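Colleague: Got a structure for you, questions after.
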Amino acid sequence: MQENKSNNLRHIIAIVGPTASGKSALGIEVALRTGGEIINCDSVQVYQQIEIATAKVPFEERRGVAHHLIDFVSPIVTFTAVDWARTALQTIGEIESRGHVAVLVGGTGLYLRALRHPFFPSPATDEDLRQRLTRIRKRYGPERLHRILQKFDSDEAAKLNARDWPRVQRAIEFYLQTGEKISSQRPLRPSPPDVATRLRVFALNPPRAELYERINQRTDEHFANGLVEEVRGLLDQGVPGNTSALGAHGYRRVVEYLNGERTLEGAIEQTKLDVRHYAKRQLTWFRREAGVEWIEGFGEDQQVQERVLALLH
RNA sequence: GCAGGGGUGGUCGAGUGGUUAAAGGCACCGGGCUGUAAACCCGGCGGGCUUCACUGCCCUACGUAGGUUCAAAUCCUACCCCCUGCA
Numbered sequence: 002m003q004e005n006k007s008n009n010l011r012h013i014i015a016i017v018g019p020t021a022s023g024k025s026a027l028g029i030e031v032a033l034r035t036g037g038e039i040i041n042c043d044s045v046q047v048y049q050q051i052e053i054a055t056a057k058v059p060f061e062e063r064r065g066v067a068h069h070l071i072d073f074v075s076p077i078v079t080f081t082a083v084d085w086a087r088t089a090l091q092t093i094g095e096i097e098s099r100g101h102v103a104v105l106v107g108g109t110g111l112y113l114r115a116l117r118h119p120f121f122p123s124p125a126t127d128e129d130l131r132q133r134l135t136r137i138r139k140r141y142g143p144e145r146l147h148r149i150l151q152k153f154d155s156d157e158a159a160k161l162n163a164r165d166w167p168r169v170q171r172a173i174e175f176y177l178q179t180g181e182k183i184s185s186q187r188p189l190r191p192s193p194p195d196v197a198t199r200l201r202v203f204a205l206n207p208p209r210a211e212l213y214e215r216i217n218q219r220t221d222e223h224f225a226n227g228l229v230e231e232v233r234g235l236l237d238q239g240v241p242g243n244t245s246a247l248g249a250h251g252y253r254r255v256v257e258y259l260n261g262e263r264t265l266e267g268a269i270e271q272t273k274l275d276v277r278h279y280a281k282r283q284l285t286w287f288r289r290e291a292g293v294e295w296i297e298g299f300g301e302d303q304q305v306q307e308r309v310l311a312l313l314h
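Per our numbering: the first sequence = residues 2 to 314.
Structure (structure tokens):
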């Protein structure tokens, strides 16, 4: 609606908050009014071929605003926070070279943090190694991995709960791949890129009860719109049921249903729970994220949109 | 109508005289999180007061009303409601 204002160029806008809080609607409005382009900051929307339960904004509803880092990764690979940060940084540069404002939209707190506070250097995941460790975990339990880590990096093992297998596993992988203890590498974080200092982070905080109600309804809609068929199609195509993409909310429980591990009713109810729990964790995450400007309400609300726009001027 | 089973905290569900504000699960609330993050982990959870804290105290609570007992969610009596079998 408005021409770019040069003073906006100094800012990179981020719109975060719990799932179903209206981030996308707010993001599009802000992008329209500031001459912005959107960069997706959601760990699931990056994947192609998963659609119904991802809340990706359909092309027709983007109101002409360019969207990046959405729908561009094969669902059989695992896209990581570092992958995202690297790609996002590059995309921000491209957007700004066009004289536009970058608007980050999404609820994956770790991704945003990976951009603001780059992680210490580390080799890419070794999938074979990860599979081997996964096999150990499934056969002997997560405590077994923890005991292994104790031998390699007792400092790290002491800090981690024995059942916190993703971190334990990661620490073992790091040691086996580099010969270094992850605990000793932590302090070696690169300094933040300059975009980090130009970031304005707005977090939506809608009324909790209404948010939960929306999540429940949205989940029912996803199933009514053919989520089960979508998952069945992906599995038939040969997408493994244990990929990151199919671990997303909705997909995960449907895979279990199709494997005969739960009823359809159970899958729906469990999905609602998963998503509500997730929304809560997102709120917790952003609460302690530095420099966040909290906005009460849902992102579709015009008054909320005006409030954010006003803060930008 | 008769026989049998049952009514417990937001919910499911243990508990059959004291060590029970009542196991455990779930919901809900809070916290953590550095290359799988829509992942994963930890804590709280009847109310009020007290201590910096370890703690301590009071009130309310196991369908309802009454009773037995030093002491009851647990035993007895009556009533209400639910389920199953017989008719």
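Cβ coordinates follow ideal geometry from the N, Cα and C atoms, glycine included. From a predicted model like this one, the values you see are computed outputs, not experimental measurements.
Based on the DSSP secondary-structure assignment, which residues constitute the bridge partners of Gly37?
Modeller: Val102.
Colleague: Which parts of the region 125 to 206 are runs of the beta strand (DSSP E), unbroken and 3 residues or longer, counting only runs that do not cross its ends?
Modeller: DSSP runs (the beta strand (DSSP E)) wholly in the region 125 to 206: 200 to 206.
Colleague: Could you spell out where the alpha helix (DSSP H) holding Glu214 opens and where it closes?
Modeller: Run containing Glu214: Arg209 to Ala225, per the alpha helix (DSSP H) assignment.
Colleague: With a 10 Å radius around its C-beta and 16 neighbouring C-beta atoms as the bar for buried, classify Thr109 as buried or exposed.
Modeller: By the neighbour-count rule (16 or more Cβ atoms within 10 Å), Thr109 is buried.
Colleague: Work out the CA separation of Leu146 and Lys152 for me, nearest whole Å.
Modeller: Cα-Cα distance, rounded: 10 angstroms.
Colleague: Rank Leu27, His314 and Thr88 by C-alpha distance to the C-alpha of Glu62 and give the top, closest one.
Modeller: Minimum Cα distance to Glu62 is reached at Leu27.
Colleague: How would you call Glu128, buried or exposed, if buried means at least 16 neighbouring beta carbons within 10 angstroms?
Modeller: Glu128 should be labelled exposed.
Colleague: Is it buried or exposed for Met2, if we count other Cβ within 10 angstroms and need 16 for buried?
Modeller: Confidence in Met2 is poor, its pLDDT being 40 and thus under 50, which makes the residue's placement unreliable; the coordinate value appears in the next sentence. Met2 is exposed by the Cβ-count criterion.
Colleague: Alpha carbon to alpha carbon, how far is Arg131 from Gly180? Give it in angstroms, no decimals.
Modeller: For Gly180 and Arg131, the distance between alpha carbons rounds to 16 angstroms.
Colleague: Determine the burial state of Ala21: buried for a count of at least 16 other Cβ atoms within 10 Å of its Cβ, exposed for fewer.
Modeller: That one is buried.
Colleague: Rounding to the nearest angstrom, what Cα-Cα distance links Gln238 and Glu211 in this structure?
Modeller: Their Cα atoms are separated by approximately 38 angstroms.
Colleague: Nearest-angstrom Cα distance between Arg209 and His278?
Modeller: Cα to Cα, the separation comes out at about 12 angstroms.
Colleague: Roughly how far, in whole angstroms, is the beta-carbon of Ala197 from the beta-carbon of Phe287, given that I think they are within contact range, below 8 angstroms?
Modeller: In fact, because the Cβ distance is near 16 angstroms, the residues do not count as touching under 8 angstroms.
Colleague: Is Leu310 closer than 8 angstroms to Arg34 when the C-beta atoms are compared?
Modeller: Cβ atoms of Arg34 and Leu310: closer than 8 angstroms.
Colleague: With distance defined between alpha-carbon atoms, name the residue in Arg133, Arg253 and Pro122 nearest to Ala82.
Modeller: It is Pro122.
Colleague: Whole-angstrom Cβ separation of Leu90 and Pro194, contact assumed at under 8 angstroms?
Modeller: Their Cβ separation, rounded to whole angstroms, is 6 angstroms, which keeps Leu90 and Pro194 in contact under 8 angstroms.
Colleague: Considering just the uninterrupted stretch of the beta strand (DSSP E) at Ile13, what are its terminal residues?
Modeller: Ile13 to Val17 is the extent of the beta strand (DSSP E) around Ile13.
Colleague: Could you compute how far the alpha carbon of Arg67 sits from the alpha carbon of Asp154?
Modeller: The amino acid occupying residue 67 in the given sequence is Ala; Arg does not appear at that position. Distance between the alpha carbons of Ala67 and Asp154 is about 46 angstroms.
Colleague: Taking its Cβ as the centre, do 16 or more other Cβ atoms sit within 10 Å of His314, making it buried, or is it exposed?
Modeller: With fewer than 16 other Cβ atoms within 10 Å, it is exposed.
Colleague: What residue range is occupied by the uninterrupted alpha helix (DSSP H) comprising Glu266?
Modeller: Per DSSP, Glu266 belongs to the alpha helix (DSSP H) from Leu265 to Arg288.
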